[in-house]
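Asks:
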Amino acid sequence: MRYEGEHLLIGQLGHFFAVLSLVASLAALYAYARAASLVASPLAAGWRRIGRIAFITDAVSVLLVFVSLYLIIYNHWFEYRYAHQHSKRSLDVQYLLSCFWEGQEGSFMLWSFWNAVLGLVVMRSARTWEAPVMAVMALAQVFLASFLVGIYFFDLRVGSSPFVLMRNEFPDAPIFRDPQYLYKYLVDGNGLNILLQNYWMVIHPPVLFLGFSSTLVPFAYAVAGLWTREHRSWTDHALPWSLFSAGILGLGIMMGAAWAYESLTFGGYWAWDPVENASMVPWLLLVAGIHTMLVFRSTGHSLPATYLFIPAAHILVLYSTFLTRTGVLGDTSVHAFTGEGSTLYGHLLLMIGVFTLLPLGFYVSRRREVPVIRQEEQMSSREFWMFVGSLLFFVSAVYIITLTSLPFFNRLFGSRWAIGEDVEFVYNRVMVLVAFVIALLTAVTQYLRYRSTPRRQALPRLLWPTVAALAAGLAVSMSGILRYERYGPAFQAGIHIALWASVYAVLANLHYIGSALRWRMKAAGASLAHAGFGLMLVGILVSSSGKELVSRNRTGIAVPGLKDARGKDENPLENVTLLHRAPMPMGRYVATYLGDSTDPKGDRVHFNILFTRQDSATGETVDSFLVTPNAFLVKGEEGTQLSSNPGSKHYLHRDVFVYITSWLNPDNIRDTSSFRLQPARSGDTAFYSGGYVTIDRVIAANRHDNEDLPVVDSAWLAQLTVHASDGRTFGAEPAFLVKDGLPAVKTDTVWEQSLVLTLQRSPLGRIELGLRESNAVTRYITLKAYLFPYINLLWVGTVLMVVGFLVSAGYRIRSRLRSVRTDAAG
Amino acid sequence: MKKMHIILLVAIAVVIAGLLTWMKDLSTYDTVSSARRKDGRFVHLIARLDKTQPVVYDPVKDPNYLAFHALDSVGGRTKVVYRNAKPVDLERSERIVMKGRMQGEVFECSEIVLKCPSKYKEGEGAGMKGLEGETPVPASATSGS
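Line by line, the protein sequences are chains A and B. The working numbering numbers the first residue of the first sequence as 7 and each following residue consecutively. The working numbering numbers the first residue of the second sequence as 171 and each following residue consecutively.
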């Protein structure tokens, strides 16, 4: 059978380039590996050239695969399963890219794309390191390409292609017996998950994946260092790459946090969800590795630790992909990663195994050559405390990933364990102490010298920041903003000391930029990153422990005796219902539901809620603002459901954050009270309990005498004025239509009067006006509202930290290039 | 013994202590009958919505009271009370993970995670509308969860 309207060439091209990228990366792997093992031989140059050509071929193929899939999505060619599942015609153009990362294949494609880009940069910059490093990069590309080919080796399908056709995936479906199926049935796609229709979701995944992908470069240099036995000089390159990677990965993670904060409704930016943890753990390991690498370069200590942390960062990236993509996390994550990737299970485990055995095997075989200094570090030395900090990061990473892996352990051992009642506290009670120690080390360590620090030197320089931090910390503690009593005084004390240390970290590092570096900003990357990190900790501590539930419900039915494990009141009643236009006191505010409006597309409702705050003494309004949360309408068999997006009011020092949890949608009213009917004639009056209704005009039209009425056979419309007893008037226009011989009613509702008006035709053919008064039309929304103080410190700190990492990476690159030039000159 | 060894030992001790306290707080995934046996203990109950029973939620009266019946895979039934707003996809969900404790006959639930039929599964499994029946309709809108 010939099907009409299909575009098969683009898919065949896409699949061809996917297979080509696999073949080319295999060739690059072989050629570069040969070049690396031949080192000094004249043949090495030839193999290296072949490796380059192969890798460039791979990079171009990956790009063309990307372009092919984009064209398919952009042109809405729904004969392809990927377009059908992840896109639809009404999707805004800016979200078309988001379709890529909704699916598994698109995510791997993005990853592979970044690997290719980074590989080209490494190819140009690695010089003598090119062959061994590129061999490892090519190995990663082999695996990523294999996820996308979707070809069979005997009965085993390897990878899954994004270019499969709907009719090949569902060959038995009856619609494919019709050659015109594309015009009749597959006219539109399933569309993109509405949570992804957010601007953060356009930029967060590419940045995060660049972060993930860039951990490969330091990994490759570490492997190359072990491979070639050049245990020192690999860090010349690996250091700036690690700094770049930590900056971008940190930025990507925090963009995800910003997305969660702005568009998810768990009321915060971080929930210790497995998906979040899995992306943070590689970052912790990378930062630990950067610090041990610096120690090694200055003192010769800590090389084994560096060989552990740097490869582990990339292995954990792979492991986190395994956790989030294969459905192992199942019931524990709010993110909907279903069995989509169950075919990936063995495939990803194989990749993790290879990438673990590679550095491990080299290390074991070369362990006697790895230089280790037997002499101990001095307690007053910088390297000692840097190592302690790195170790603490490593320990945190182990703690977090062990807890996060619980569902995987369940699957391995058949157990049914779950993290207990209070998931966040399980992490927070440990991490608040980690934050304290890390912040303290961040503040002090830069003032120490490598090897040993004369006592008279460090202490006087630390004096001013210490005094200032004590004063500032005391001021914050006394201000009462850290009122977080839920877990008792011990945890509260932990928050306070962590806050003091974080303030100390910020001030000490800023002071260091001024006093030790004399504002030479090019060299101040580390201090900048440290100050930013300290500021992030301040922002996290203050906004989390000062988070305030604004919508505390005092009118609901509180059930006595419901206590949590610690004997405290369980689950404060967090939802408040606002009746339309009825002001409701809510914490320090009074909230009023002013109304709502529907998007032109009709799939989203915006709610207008006015918040006002009055001075309790004078009664004057001191603050007044509008918050407009919105919600997507999801039509289903059980009526229309809401998918809520929060709205927030940003101040410099606080955010008010609101989202809708329930809404009376007029579509869903199923009221049993019936209409009171009376003949509808112009000039008549009808009465109801709150006033009366005048019928100003009744318009009748039908197809024969009105050409403007093409879609219906005939129509009646009544123009009404509702006169409430308090003097207000409202207009209303109910209508009655006949279309294709079937009657249809368009009711109109005057919400303020709880009055529903309709127009009907009696069996005798008379047009009648119907009135109904009902409690069910009380218009309301239910919402939750929170207040986050000083959350901007978190975002500002993030930006500072990322800038610091990048400045530092630039500084290290320049100093490497300088030393290369000096070597060449010498 | 070197300073570094002491630090390593302390670090290991901290990890073990942390994990041990965490083990103490561990809970389990349960069915209705095994949750009944652990009356008052915090558990994760996996079940689905019993559609033969009404879902009670009236935000005008009390926006923090949701009551419904849950049915687990081995046929156990229980009434569930959740003192919070009704999750939007409750009726659509195919599986519900409820965290809470059995209080007598009622499961007092403090957190609900819904697992909704996902579009991926719809595509790969047999249940995809429009690709099965004799009179196919264009695929309906889907939602995320």
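Don't be surprised by glycine CBs; every beta carbon is placed ideally from N, CA and C.
Looking at the structure shown, is K231 of chain B part of a helix, part of a strand, or coil, going by DSSP?
Replies: One-based indexing of the second sequence puts residue 231 of chain B at position 61. In the structure shown, K231 of chain B sits in coil (DSSP, three-state: anything other than H, G, I, E or B).
Asks: Could you tell me the alpha carbon to alpha carbon distance between A252 of chain A and H612 of chain A, rounded to whole angstroms?
Replies: The residue given as residue 252 of chain A occupies position 246 in the first sequence. The residue given as residue 612 of chain A occupies position 606 in the first sequence. The alpha-carbon atoms of A252 of chain A and H612 of chain A are separated by roughly 38 Å.
Asks: By Cβ distance, which residues of its chain are closer than 7 Å to G816 of chain A, with the 5 residues on each side in sequence left out?
Replies: For this step, residue 816 of chain A is matched to residue 810 along the first sequence. For G816 of chain A, where only same-chain residues beyond five positions count, there are no Cβ hits under 7 Å.
Asks: Can you name the residues of chain D whose CB is closer than 7 Å to the CB of P229 of chain B?
Replies: Among the protein chains of the structure shown, namely A and B, there is no chain D.
Asks: So does the region 254-269 of chain A actually touch the region 354-366 of chain A, counting three or more Cβ pairs closer than 8 Å?
Replies: no
Asks: Can you name, in chain order, every residue of its own chain whose Cβ lies under 8 Å from the Cβ of R824 of chain A, other than the five neighbours on each side?
Replies: Locating residue 824 of chain A in the first sequence gives position 818, counting from the first residue. Within the same chain, R824 of chain A has no close Cβ partners at all.
Asks: Quick one, which of A:I316, A:T271, A:N416 and A:S680 has its alpha-carbon nearest L329 of chain A's?
Replies: Walking along the first sequence from the start, residue 329 of chain A turns up at place 323. Among A:I316, A:T271, A:N416 and A:S680, the Cα nearest to that of L329 of chain A belongs to A:N416.
Asks: Would T332 of chain A be called buried (16 or more neighbouring beta carbons within 10 Å of its own) or exposed?
Replies: Within the first sequence, the letter at position 326 stands for residue 332 of chain A. Flag for T332 of chain A reads buried.
Asks: Would you please verify whether the beta carbon of D195 of chain B is less than 9 Å from any beta carbon of chain A?
Replies: As a position in the second sequence, residue 195 of chain B is number 25, starting the count at 1. The beta carbon of D195 of chain B sits closer than 9 Å to some beta carbon of chain A.
Asks: Would L648 of chain A count as contacting chain B if we go by Cβ distances under 9 Å?
Replies: Along the first sequence, one-based indexing puts residue 648 of chain A at 642. Judged by the 9 Å Cβ criterion, L648 of chain A is in contact with chain B.
Asks: Counting pairs of Cβ atoms below 8 Å between the region 35-52 of chain A and the region 236-243 of chain A, do you hit three or more?
Replies: Because the criterion of three Cβ pairs below 8 Å is not met, the region 35-52 of chain A and the region 236-243 of chain A do not touch.
Asks: Starting from S458 of chain A, follow the alpha helix (DSSP H) in both directions and report where the run begins and ends.
Replies: Stepping through the first sequence from its first residue, residue 458 of chain A is reached at position 452. No alpha helix (DSSP H) holds S458 of chain A; DSSP gives it neither H nor E.
Asks: Out of A:S695, A:L775 and A:I254, state which residue places its alpha-carbon closest to the alpha-carbon of V805 of chain A.
Replies: Here residue 805 of chain A corresponds to residue number 799 of the first sequence, with the count starting at 1. Comparing Cα positions, the closest option is A:I254.
Asks: Rounded to the nearest angstrom, what separates D98 of chain A and N636 of chain A at their Cα positions?
Replies: Locating residue 98 of chain A in the first sequence gives position 92, where the first residue counts as 1. Locating residue 636 of chain A in the first sequence gives position 630, where the first residue counts as 1. So the two alpha carbons sit approximately 17 Å from each other.
Asks: Check the Cβ-Cβ distances between S203 of chain B and every residue of chain A, and say whether any is below 9 Å.
Replies: The residue you call residue 203 of chain B lines up with position 33 of the second sequence. Output row for S203 of chain B: interface = no.
Asks: Output, in sequence order along the chain, the residues in the region 392-414 of chain A whose CB is closer than 7 Å to any CB in chain B.
Replies: V394, L397, V401, V404, Y405, T408 and L409
Asks: Give the C-beta separation of A529 of chain A and L523 of chain A to the nearest angstrom, bearing in mind that I take them to be a contact with Cβ-Cβ under 8 Å.
Replies: In the first sequence, residue 529 of chain A corresponds to position 523, counting from 1. In the first sequence, residue 523 of chain A corresponds to position 517, counting from 1. Right, the Cβ-Cβ distance comes to about 6 Å (below 8 Å), so this counts as a contact.
Asks: Short check: CB of N737 of chain A to CB of T753 of chain A, under 9 Å?
Replies: Locating residue 737 of chain A in the first sequence gives position 731, counting from the first residue. Locating residue 753 of chain A in the first sequence gives position 747, counting from the first residue. The amino acid occupying residue 737 of chain A in the given sequence is Gly; Asn does not appear at that position. A distance of 9 Å or more separates the beta carbons of G737 of chain A and T753 of chain A.
Asks: Would you say Y792 of chain A and V664 of chain A are within 9 Å of each other, going by their C-beta atoms?
Replies: Walking along the first sequence from the start, residue 792 of chain A turns up at place 786. Walking along the first sequence from the start, residue 664 of chain A turns up at place 658. Their beta carbons are under 9 Å apart, which means Y792 of chain A touches V664 of chain A by this criterion.
Asks: Between which two residues does the alpha helix (DSSP H) harbouring I519 of chain A extend?
Replies: Locating residue 519 of chain A in the first sequence gives position 513, where the first residue counts as 1. Start and end: G494 to S521.
Asks: Residues in its own chain within less than 7 Å of F149 of chain A by CB, not counting five upstream and five downstream?
Replies: By 1-based counting over the first sequence, the position of residue 149 of chain A is 143. Excluding positions up to five away in sequence, the list reads M357.
Asks: Just to check my reading of the structure: V450 of chain A and L468 of chain A have Cβ atoms closer than 8 Å, yes? What is that Cβ distance to the nearest angstrom?
Replies: Along the first sequence, one-based indexing puts residue 450 of chain A at 444. Along the first sequence, one-based indexing puts residue 468 of chain A at 462. Contact flag correct, Cβ pair sits at about 7 Å.
Asks: Is the number of C-beta pairs between the region 381-389 of chain A and the region 226-244 of chain B that are closer than 8 Å three or more?
Replies: In short, these stretches do not touch, since the Cβ pair count stays below three.
Asks: Quickly, what does DSSP pair A424 of chain A with across the bridge? List them, please.
Replies: On the first sequence, position 418 is the one that residue 424 of chain A refers to. In the DSSP output, where bridge partners are listed per residue, A424 of chain A has B:S197.
Asks: Cutting at 7 Å between CB atoms, please list the residues of its own chain near A692 of chain A, excluding the five before and the five after it.
Replies: Within the first sequence, the letter at position 686 stands for residue 692 of chain A. Within the same chain, A692 of chain A has close Cβ partners Q684, Y698, V699, L775 and L777.
Asks: In three-state terms, what does DSSP make of P749 of chain A?
Replies: Start at 1 with the first residue of the first sequence, and residue 749 of chain A comes out as number 743. If DSSP states are grouped into helix, strand and coil, P749 of chain A belongs with the strands.
Asks: Where in the region 106-176 of chain A do unbroken runs of the beta strand (DSSP E), each at least 3 residues long, occur, reported from the N-terminal end onward?
Replies: 157-159 and 162-164
Asks: Considering Cα atoms alone, identify which of B:I176, B:I282, B:N234 and B:R206 is closest to R247 of chain B.
Replies: As a working mapping, residue 247 of chain B is identified with position 77 in the second sequence. Nearest option by C-alpha distance: B:R206.
Asks: For F631 of chain A versus N651 of chain A, is the C-beta spacing smaller than 9 Å?
Replies: Sequence index remark: in the first sequence, residue 631 of chain A carries index 625 (1-based). Sequence index remark: in the first sequence, residue 651 of chain A carries index 645 (1-based). Going by C-beta atoms, F631 of chain A is not nearer than 9 Å to N651 of chain A.
Asks: State yes or no: is the C-beta of V277 of chain B within less than 9 Å of the C-beta of L215 of chain B?
Replies: Walking along the second sequence from the start, residue 277 of chain B turns up at place 107. Walking along the second sequence from the start, residue 215 of chain B turns up at place 45. The amino acid at residue 277 of chain B is misidentified as Val; the sequence shows Phe. Yes, the pair counts as a contact, with Cβ atoms nearer than the cut-off.
Asks: Cβ of W722 of chain A within 9 Å of Cβ of I701 of chain A?
Replies: Position 716 of the first sequence, counted from the start, is the residue given in the question as residue 722 of chain A. Position 695 of the first sequence, counted from the start, is the residue given in the question as residue 701 of chain A. Going by C-beta atoms, W722 of chain A is not nearer than 9 Å to I701 of chain A.
Asks: Does the distance from the C-beta atom of V170 of chain A to that of Y76 of chain A stay below 9 Å?
Replies: If you number the first sequence from 1, residue 170 of chain A lands on position 164. If you number the first sequence from 1, residue 76 of chain A lands on position 70. Their beta carbons are not under 9 Å apart, which means V170 of chain A does not touch Y76 of chain A by this criterion.
Asks: For a contact defined as C-beta to C-beta under 7 Å, what are the partners of W579 of chain A on chain B?
Replies: One-based indexing of the first sequence puts residue 579 of chain A at position 573. According to the sequence displayed, residue 579 of chain A carries Leu and not Trp. Chain B residues near L579 of chain A: N234 and R253.
Asks: Select from the region 360-393 of chain A all residues with a C-beta closer than 8 Å to any C-beta belonging to chain B, and list them in chain order.
Replies: Cβ contacts with chain B come from E382, E383, M385, F390 and F393.
Asks: Just verifying my parser: in three-state terms, what is the DSSP assignment at M7 of chain A?
Replies: For the purposes of this step, residue 7 of chain A is taken as the residue at position 1 of the first sequence. Here M7 of chain A sits in coil by DSSP.
Asks: Within 10 angstroms of its Cβ, does H353 of chain A collect 16 or more other Cβ (buried), or is it exposed?
Replies: As a position in the first sequence, residue 353 of chain A is number 347, starting the count at 1. H353 of chain A comes out buried.
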